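Undergrad: In our numbering, the protein residues as written are 803 to 950.
Here a beta-carbon is modelled for each residue, glycine too, at the ideal position from N, C-alpha and C.
Please read all numbers here as calculations on a predicted model, not as lab measurements.
#1: Judging by CA-CA distance, which residue of 944, 857 and 881 is the nearest neighbour of residue 909?
#2: In chain order, what residues of the same chain lie with their CB nearer than 8 Å to the CB of residue 861, ignoring the 5 residues before and after it?
#3: Would you tell me roughly how many angstroms separate the C-alpha atoms of residue 917 and residue 946, rounded to the nearest one?
#4: I think residue 814 touches residue 821, with their Cβ atoms under 8 Å apart; what is that distance to the nearest whole Å?
#5: Just reading off the alpha helix (DSSP H) that residue 899 is part of, what are its end residues?
#6: Which residue comes first and which comes last in the beta strand (DSSP E) that contains residue 947?
#7: Need the endpoints of the alpha helix (DSSP H) that residue 937 sits in, please.
#8: Return the Cβ separation of residue 914 and residue 928 in integer angstroms, given the expectation that the two are a contact with Cβ distance under 8 Å.
#9: Taking Cβ positions, are residue 924 and residue 885 nearer each other than 8 Å?
#10: In its own chain, which residues sit with a C-beta less than 7 Å from the C-beta of residue 831, not counting the 5 before and 5 after it?
#11: Go ahead and label residue 900 buried or exposed: buried means 16 or more other beta carbons lie within 10 angstroms of its beta carbon, across all protein chains shown.
#12: Beta carbon of residue 906, beta carbon of residue 877: below 8 Å?
#13: Is the beta carbon of residue 903 sitting closer than 8 Å to the one on residue 888?
#14: Taking only three categories from DSSP, how would you classify residue 857?
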């Protein structure tokens, strides 16, 4: 087989995009499928999301009052078990230590350790929450998992 004999397998190449506005003979010339006049025929034309032709849009018509439980929900910043492998054996892991090592950027209502990955070191972990598998893995290595 020579270089000039190579061919793509059937169906492996994507269909080429329609080339618009390349002369009247192309079948998609002149207006390029955009119609004749109006806002949408012009470049940069179109209306913003939620625009209803000048009518007061739905998001402005609906009342914005009342209780929403989501405002009071606790959101935890999550880390995985294998993120804790960056610490030395026997070290204490706290929120401050996680921020210093840039494992966590933003601490919301606390830090929760999830059981993804594997832990290779004995650590004393003092964080907000743990999944059951994460807590079991930390204690299996001889470390301790304390909730704050």
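TA: For this structure:
#1: Answer by Cα proximity: 881.
#2: So the qualifying residues of the chain are 852.
#3: One C-alpha to the other measures close to 15 Å.
#4: Contact doesn't hold; Cβ gap of about 22 Å is too wide.
#5: Counting along the chain, residue 899 sits inside the alpha helix (DSSP H) bounded by residues 897-902.
#6: 946-949
#7: 934-942
#8: That pair is no contact at about 13 Å.
#9: no
#10: 823, 824 and 825
#11: buried
#12: no
#13: A Cβ-Cβ contact shorter than 8 Å links residue 903 with residue 888.
#14: Looking at residue 857 - three-state DSSP - the assignment turns out to be strand.
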